[in-house]
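One structure is given here, and the rest of the page talks about it.
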Amino acid sequence: MVRSALSIGVLSATVLLGGVALTSSASAEPGAAAAAPSKAVRYPADSLRALGDRIGLRIGTAVNMDELGSNTDYTKITAEQFSSVTPENVMKWQLVEPTRGTYDWAPADRLVAFAKTNKQLIRGHTLVWHSQLPTWLSSDGYTTTLSNDELKALLKKHVQDQVKHFKGDIWQWDVVNEAFDDDGKPRQTVWYKAWGGLGYIADAFRWAHEADPKALLFYNDYNLEFTGPKSNAVYDFVKTLKAQRVPIDGVGFQGHLDTQYGFPDLQNNLQRFADLGLKVAETEVDVRTFTQAAPNVNTPTDPLAPYAQESYWSRALKACLAVRECISFTPWGFGDTYSWIPGWFDNPQEGAALLYDADLKPKSQYYVIQQDLALAAGAPRRNGPGAGH
Ligand code: G3I
């Protein structure tokens, strides 16, 4: 019964939309208004972005700038399937200021230009983090030879310079990333130590807001999907920020999921954060599973694993669809070859976490997400900046 209802729904969507290229028009919203091209951008009617457009939901991807432009298939998929892009690495401090006092904005500027050409919004990632800092600042994010006063001045300059550089081009900034440990305690980073507490977070949001008042400012973290010590601590913390009128607009749920763990109570957590008066977003979704040894690092060991992955992808998307304040759904890249996972979880090997395989062909997980979006026309339409097309 369910199966036939689904089939009919998809058939209708295909009949209505199939084969007809949709066009989108420029919209007056943060991150898109400044330099939106007048030429209409065309993308397939059954693409993820076109299906998301119908309810004002941005479907994003992290982008690997080593591939964008040089890899034809990669570039085409990025343009056609996604209405928002996140630089996977090139806006991180390590890459924008590898030598103290000398900025390199070139790769990030290239992504901004690509996004404008393709009428995509940009999630800026990330201004304040303990990881991927330049080595002149800290090699591990927890220790440094610099003084507290120097660190405070450096962070202020970094946030303001970077936000100003991209002023008008960024839809959502991940202002602060991963400031809490899994036990809910503040992570003891160089920033925490320099301020003697979490005061650096409010400062960073205020500096970012001054530099670009129209950008939506997010706190972003992993394992917020599950109710537990970390999610509770971040919930209490952002509630305090709101009470102190710190200019925070949203919370990003990274969504790095794994089939060896149960599916989280994600919708519940998205909703309770939204009920604080915040936007929410799924910002780095992937669904990893156990895989074979090299060179088959993206072949699941269990032939049934892809069914679990389909289920997790579908439920992650539906959790966002069900919460009106969830304004974007962003997988952390789209081709298994470029995923961070096989290089990270090597004991035991994990991978196969994305929607496209190593040949950049859509996997079953892609079609499940596409079908969910095709059937989502009745989901609550998103409001506010970014929702209009
Ligand atoms: O830039 C150097 C290059 O010069 C060098 O030759 C090469 C040798 O390994 O390394 C390059 O740096 C790598 C960098 O990505 C850029 O490609 C680092 O080794 C590598 O560790 C780094 O990994 C990134 C990781 O963040 C760092 O923590 C991943 O690509 C990126 O997907 C991942 O993304 C994070 C989010 O920002 C925050 N949330 C978690 C997520 C997954 O870890």
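For the sequence shown, the positions run 1 to 389 when the UniProt record's numbering is used. In this text, a Cβ means the ideal position worked out from N, Cα and C, and glycines have one as well. Model, not experiment: these values are computed from the prediction.
{"Check": "So what's Gly199 in DSSP terms, helix, strand or just coil?", "Outcome": "helix"}
{"Check": "By DSSP, does Ser84 sit in helix, in strand, or in coil?", "Outcome": "strand"}
{"Check": "Does any heavy atom of the ligand G3I sit closer than 7 angstroms to the C-beta of Glu284?", "Outcome": "yes"}
{"Check": "Comparing C-alpha positions only, which one of Lys167, Val112, Val287, Val176 sits nearest to Val251?", "Outcome": "Val176"}
{"Check": "Who are the near neighbours of Ala387 in its chain, counting only those whose CB is closer than 6 angstroms to its CB and skipping five residues on each side?", "Outcome": "Gly56"}
{"Check": "Are Thr283 and Gln254 close, meaning C-beta to C-beta below 8 angstroms?", "Outcome": "yes"}
{"Check": "Decide if Ala21 is buried, meaning its Cβ has at least 16 other Cβ atoms within 10 Å, or exposed.", "Outcome": "Reliability fails at Ala21, whose pLDDT of 40 lies under 50, so the model's placement of it is uncertain and no value is given."}
{"Check": "Decide if Tyr74 is buried, meaning its Cβ has at least 16 other Cβ atoms within 10 Å, or exposed.", "Outcome": "buried"}
{"Check": "Are the CB atoms of Thr299 and Glu350 nearer to each other than 8 angstroms?", "Outcome": "no"}
{"Check": "Should the stretch 228 to 240 be called in touch with the stretch 184 to 193, which here means at least 3 C-beta pairs below 8 angstroms?", "Outcome": "yes"}
{"Check": "Would Ala208 and Trp173 be called neighbours here (beta carbons separated by less than 8 angstroms)?", "Outcome": "yes"}
{"Check": "Going by the C-beta, is Trp171 closer than 7 angstroms to any heavy atom of the ligand COA?", "Outcome": "Of the ligands this structure carries, namely the ligand G3I, none is the ligand COA."}
{"Check": "As an exercise, report each continuous alpha helix (DSSP H) stretch of at least 4 residues that is fully enclosed by the stretch 260 to 335, in chain order.", "Outcome": "266 to 274, 305 to 322"}
{"Check": "The alpha helix (DSSP H) spanning Ala233 covers which residue range?", "Outcome": "229 to 243"}
{"Check": "Which of the three DSSP states, helix, strand or coil, is assigned to Thr144?", "Outcome": "coil"}
{"Check": "Please report the residue range of the alpha helix (DSSP H) in which Gly52 lies.", "Outcome": "48 to 53"}
{"Check": "According to DSSP, which residues form a beta bridge with Asp174?", "Outcome": "His125, Phe218"}
{"Check": "The beta strand (DSSP E) that contains Val112, what's its start and end?", "Outcome": "No beta strand (DSSP E) contains Val112, which is instead part of the alpha helix (DSSP H) from 106 to 117."}
{"Check": "Pick out whichever of Thr289, Ala352, Tyr356, Asp212 has its Cα sitting closest to the Cα of Gln160.", "Outcome": "Asp212"}
{"Check": "Only counting the same chain, and skipping five residues up and downstream in sequence, which positions put a Cβ closer than 6 angstroms to that of Glu325?", "Outcome": "Ala274, Lys279, Val280"}
{"Check": "Quick one: what does DSSP say Val246 is sitting in, helix, strand or coil?", "Outcome": "coil"}
{"Check": "State buried or exposed for Thr144, treating a residue as buried only when at least 16 other CB atoms are found within 10 Å of its CB.", "Outcome": "buried"}
{"Check": "What residue does the beta strand (DSSP E) around Pro62 start on, and which one ends it?", "Outcome": "Note that residue 62 is Ala in the sequence shown here, rather than Pro. First-last of the beta strand (DSSP E) with Ala62: 58 to 63."}
{"Check": "Would you check if the stretch 132 to 147 and the stretch 57 to 65 touch, i.e. whether three or more CB-CB distances between them fall below 8 angstroms?", "Outcome": "no"}
{"Check": "Below 8 angstroms CB to CB, which residues in the same chain sit around residue 408 once its five sequence neighbours on both sides are set aside?", "Outcome": "No answer is possible for residue 408: it lies beyond the span of the chain, which begins at 1 and ends at 389."}
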